Structures are given as structure tokens and as C-alpha cells.
Amino acid sequence: MTAQIISTRTAAETALVEAFGVVKANLPGTTEVAKLRETAFEAFTQAGLPHRRIEAWHYTDLRALMREALPIAPAPSADALAALRKSMAETGLPAQSLVLVDGIFAPELSAPLPEGVKVTSLAAALAEGRPEIIAHLAAAWTGSTDAIVALNAALMQDGAVIEVAPGTKLAAPIHLIYATASATPVARFSRTLMVVGAGASVVLSEASFGDGARTGQTNNGLVMVVGDEADVGHTLSLTDTVPGSVRLESFMVKLGAKANFDSFALITGGGLVRRQIFMRFDGEDTKAALRGVSLLRGREHADTTLFVQHCATGCEGRETFRYILDDEAVGVFQGKIHVAPAAQKTDGKMLCKALLLTDMVAMNSKPELEIFADDVACGHGTTCGGLNDEQLFYLQARGLPYSEAESLLLDAFGGELADEIPHEGLVTAFRAEIAAWLAARVKA
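Under this note's numbering, the residue at position 8 of the sequence shown is numbered 10, and the numbers go up by one with no gaps.
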């Protein structure tokens with residue numbers, strides 16, 4: 003006799019199934035898109051919310067941590083958009099900003115982009131049934147086996163499609179802003195596609211606007227296709243999320259030949275944050291760097307998980323992540339470098355460092371290598387430890403109080419990676435956010 007294990011849906015899973023049944027008829031897209039949504043949602047219902055028995059989610063048991071599913075955000079009203087427009091004008095959003103309000107692209111709040119860049123809403127592209135857009139969103143390399151990516155594909159309400167023409171050179175970044183118009187916590191599902199033509203040069207910067215965008219439950223997807231010999235920068239600011247919120251960010255990027263790609267992310271805040279990156283080297287002789295800093299205190303939980311696929315020869319990958327953990331915070335880093343048999347002469351290095359400021363924090367770090375080629379130079383490492391006592395003593399001996407000496411060392415540890423962002427204005431902005439977090443920590 004064989005025992006049969008029957009999984010019982012949680013309240014959150016049940017609510018998501020009911021929500022899909024209610025909204026699917028009104029979600030944008032042709033018949034082909036509707037089939038993709040159904041397939042993706044079937045994959046999600048088979049897997050359910052990820053839990054600790056799934057290796058990639060072992061340290062972030064979303065099934066246990068996400069007790070409820072909030073109602074899906076409605077389209078923002080005209081009055082809400084007008085209020086947001088006023089608020090943004092007072093704050094002064096940067097030029098070249100694209101604004102998503104509760105997952106819906108808001109062209110009336112967005113600024114025009116320069117020649118060579120075309121922007122449309124994802125909903126419009128899906129409604130037209132543009133085959134190249136659908137092909138990018140449905141591609142296997144976009145992490146479609148992950149339950150949260152599948153849930154995003156099924157419920158994506160809207161987003162932006164950014165197409166950068168070959169050879170376009172932009173000096174200033176394109177800013178993708180996530181805002182909210184809802185007065186109560188809601189769930190948001192957006193997906194953005196950015197296609198960068200061959201030889202183009204551009205930086206995409208993602209950030210949130212207003213306190214409302216840092217509450218509720220967010221499931222964002224960003225798909226980026228980088229053409230041959232393109233030079234692309236990317237930054238993400240996941241800061242000041244509110245306790246009780248859930249922020250799930252999936253970033254899927256495919257790199258062409260002889261391209262340069264650089265990405266940096268800063269994570270702070272009181273909610274549950276899971277950031278997952280699926281990066282694929284698809285063309286030869288490309289260089290890419292993924293970097294990130296997580297600053298956590300209280301009982302915050304932040305997870306960064308990478309899957310880096312080397313599928314072409316002569317590519318260089320650098321993945322460097324740092325954590326500062328205080329109070330009872332929990333940090334998670336998982337990174338796998340996969341080298342396919344054809345990816346000879348791959349140069350890949352992955353490193354995670356964590357500073358543990360109390361005995362109550364927890365850091366789960368698991369870098370991995372999976373190599374099927376024989377002519378490669380790959381390595382990984384991870385460290386956990388406290389501040390260097392000799393360095394602290396040196397600074398205090400020169401008159402600095404302990405708290406200032408400590409903050410100086412923490413700023414150097416976290417800020418070093420921000421200094422490598424390939425845009426001076428963004429370096430200044432991220433340095434200021436790190437300094438603000440350190441100042442708030444001292445006052446707490």
C-alpha cells in the first residue's frame with residue numbers, strides 16, 4: 003500500500019485561485035495570451051506558494067510567511083491620478099520617468115523619452131497580440147518554472163514595453179517608478195519588457211514613489227533583452243518597505259554577444275523581500291556584473307537568489323553581494339553559476355559577504371557552481387563575521403566616538419559596491435540612501 007500525500011491549499015492560495023477566476027476574463031491580451039495565462043496559472047496551482055521543501059525557496063518559506071492574499075488593485079481613478087500628479091510635481095521626479103500606478107502604466111504621469119526609445123503599455127502590446135512581445139514574455143529562459151514568475155505571468159495587469167533602437171546612446175537614465183493610488187493595502191502584478199538594440203547604451207533605474215508603494219503585496223517582473231555590443235546599466239531601489247508587506251521581484255535578463263551589463267540593487271525595509279535574478283549569457287565575449295547591498299534590522303527578512311547561465315564561450319560574470327544584519331534580521335543569499343558544455347573559457351566569480359552585528363541575526367548563504375565545460379575559471383565564496391576590532395580601535399584612538407567609528411566602517415563596507423554604478427548621479431543617490439539607513443540605525 004502506497005501512502006498518497008494530498009496538499010491542502012492555504013487561505014492565501016485559495017484566495018489567489020478565486021481571484022484568477024474572477025479577473026482572468028478582464029485581463030489584457032489576445033486568445034493566445036489568455037492561453038499563456040491559463041498555462042502559467044495551472045503551473046502555479048500545481049506548485050502552490052513556494053515553501054522550504056523547494057530548494058530555491060528553502061530559506062524563505064513563502065507558504066508559511068504569506069498568510070493571506072490581498073485583493074488585486076483596481077485601475078486608478080482620474081482623481082487618484084490627479085492627486086499623484088500633484089504629489090509628484092511637488093517632489094520633483096527625475097526626467098525620463100515612466101510611472102506604473104498599482105501595476106498600471108500611467109502615460110499621463112510619465113515624461114517623454116528621447117528619440118530612439120519607444121514606450122507602450124504592456125496591456126496594449128498584449129491586446130494587439132504582438133508576436134515578438136509574447137515570445138519574449140513566454141521564453142523558457144524567463145524563469146517560467148518558478149511558481150512566483152508563473153503567478154506573475156498569469157495575473158500581470160500591465161507594465162511597460164521599452165524598446166531602444168540599435169545604436170541609441172542615452173546619457174541620462176530611464177527611471178521606472180512604482181507608485182500606488184489605493185488607500186488600502188492591495189496586491190499588484192506588473193511586468194515590464196525592455197529590449198535594447200545592438201550597440202545601444204542605456205541605464206534603467208527602478209524605484210518606488212510614496213509610502214503606499216511600499217505596502218501591500220507586490221509581484222513585479224522585469225524582462226530585459228540586451229542586444230549584441232550593447233552597454234546597459236540597471237539599478238533597483240527596494241527601500242523602506244513596511245512591516246507586513248510582501249515584495250517579490252523577478253528579474254530575467256538575456257545578454258547578446260560582446261555586450262556589457264551592470265546591475266546594482268539596494269534593499270532595506272521592514273517587510274518580506276525576495277529578489278530573484280535569472281541571467282543568461284547567450285552571446286560570446288560578454289561581460290556582466292550583478293551587485294547588491296542589503297541593510298536589515300529589526301525582524302526584517304530579505305532574500306536574493308540568482309541563477310546565472312553561461313551558454314556561450316568567453317563570457318565573464320561577476321556577482322558580488324553584501325549584507326549588514328542588525329537586531330534579529332534574517333538575510334538569505336543563494337547563487338548558482340551554471341556553465342553549459344558549449345560555454346568554454348567562461349570566467350565566473352561569485353562572492354557574498356555579511357556583517358553580523360548581533361548574536362540574534364541569521365545569515366543563510368549558499369553559492370553554487372554547476373560546470374559542464376572543461377576550460378573555465380570559476381569560483382565562489384562566502385563570509386560571515388563582525389566588524390574588525392582593530393579598525394574600530396584605530397578610529398576611536400583618533401577621537402571618533404564608537405557609534406561614529408562603527409558607522410564609518412559600515413558605510414565603507416556597504417557603499418563600496420554602490421561606487422561602481424556606471425552613473426555618477428545614481429552613485430550619489432544610493433550613497434545618500436545608505437547614509438540615511440545608518441543614521442536611522444544610530445538614532446533607534
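Yeah, the Cβ is synthetic: ideal placement off N, Cα and C, and Gly gets one too. Note that this is a predicted model, so its numbers are computed, not measured.
Give the DSSP-derived three-state secondary structure of residue i in the structure shown.
| i | result |
| --- | --- |
| proline 133 | helix |
| glutamate 208 | strand |
| arginine 293 | strand |
| glutamine 393 | helix |
| glycine 388 | coil |
| leucine 241 | Per the sequence presented here, residue 241 reads as threonine, with leucine not at that position. Correct three-state label for threonine 241: strand. |
| glutamine 311 | strand |
| glutamine 346 | coil |
Suppose contacts are defined by Cβ-Cβ distances below 8 Å. Is residue i in contact with residue j by that definition?
| i | j | result |
| --- | --- | --- |
| leucine 240 | arginine 277 | yes |
| alanine 356 | methionine 362 | no |
| aspartate 104 | alanine 183 | yes |
| aspartate 284 | glycine 258 | yes |
| arginine 293 | phenylalanine 323 | yes |
| arginine 299 | alanine 331 | yes |
| phenylalanine 22 | alanine 156 | yes |
| valine 204 | glutamate 165 | no |
| threonine 220 | alanine 267 | no |
| lysine 289 | tryptophan 143 | no |
| alanine 17 | alanine 75 | no |
| valine 35 | isoleucine 136 | yes |
| serine 247 | glycine 218 | yes |
| glycine 319 | leucine 358 | no |
For the alpha helix (DSSP H) containing residue i, list its first residue and its last residue.
| i | result |
| --- | --- |
| arginine 87 | 80 to 93 |
| threonine 430 | 426 to 445 |
| arginine 193 | Segment 189 to 198 is the beta strand (DSSP E) holding arginine 193; no alpha helix (DSSP H) there. |
Within 10 angstroms of its Cβ, does residue i collect 16 or more other Cβ (buried), or is it exposed?
| i | result |
| --- | --- |
| asparagine 390 | exposed |
| serine 207 | buried |
| glutamine 336 | buried |
| asparagine 154 | buried |
| glutamate 392 | exposed |
| tyrosine 396 | exposed |
| phenylalanine 191 | buried |
| tyrosine 404 | exposed |
| glutamate 20 | exposed |
| proline 369 | buried |
| aspartate 213 | exposed |
| alanine 42 | buried |
| alanine 134 | Residue identity differs from the one stated: residue 134 is glutamate in this sequence, not alanine. So glutamate 134 ends up on the exposed side. |
| serine 79 | exposed |
| arginine 54 | exposed |
Going by DSSP, what residue range makes up the beta strand (DSSP E) through residue i?
| i | result |
| --- | --- |
| arginine 282 | 274 to 283 |
| leucine 153 | Element bounds for leucine 153: not the beta strand (DSSP E) but the alpha helix (DSSP H), 149 to 157. |
| arginine 249 | 248 to 257 |
| valine 35 | Element bounds for valine 35: not the beta strand (DSSP E) but the alpha helix (DSSP H), 33 to 49. |
| aspartate 264 | 262 to 271 |
On a CA-only basis, which of the options is nearest residue i? Give me that one, please.
| i | options | result |
| --- | --- | --- |
| serine 410 | Ala399, His425, Leu394, Asp421 | Rather than serine, the amino acid found at residue 410 in this sequence is leucine. Closest by alpha carbon: Leu394. |
| arginine 216 | Thr194, Gly201, Ala185 | Ala185 |
| alanine 189 | Gly417, Leu412, Val25 | Val25 |
| leucine 440 | Ala291, Ala407, Ala181 | Ala407 |
| arginine 11 | Ala27, Pro403, Pro52 | Pro52 |
| aspartate 413 | Ser296, Val19, Thr170 | Ser296 |
| glycine 131 | Thr33, Thr243, Cys313, Glu251 | Thr33 |
| leucine 178 | Met158, Val227, Ser112 | Ser112 |
| serine 265 | Ala420, Trp59, Ile56 | Ala420 |
| threonine 2 | Val334, Glu435, Glu15 | Nothing can be reported for residue 2, as the shown portion of the chain is limited to 3 through 446. |
| glycine 381 | Lys256, Val119, Ala345, Leu353 | Leu353 |
| threonine 307 | Met254, Ser99, Glu40, Phe263 | Met254 |
| lysine 351 | Pro343, Val310, Gly229, Gly169 | Val310 |
| alanine 442 | Asp305, Asp242, Phe263, Val101 | Asp242 |
| serine 146 | Met68, Ala437, Leu100, Ala49 | Ala49 |
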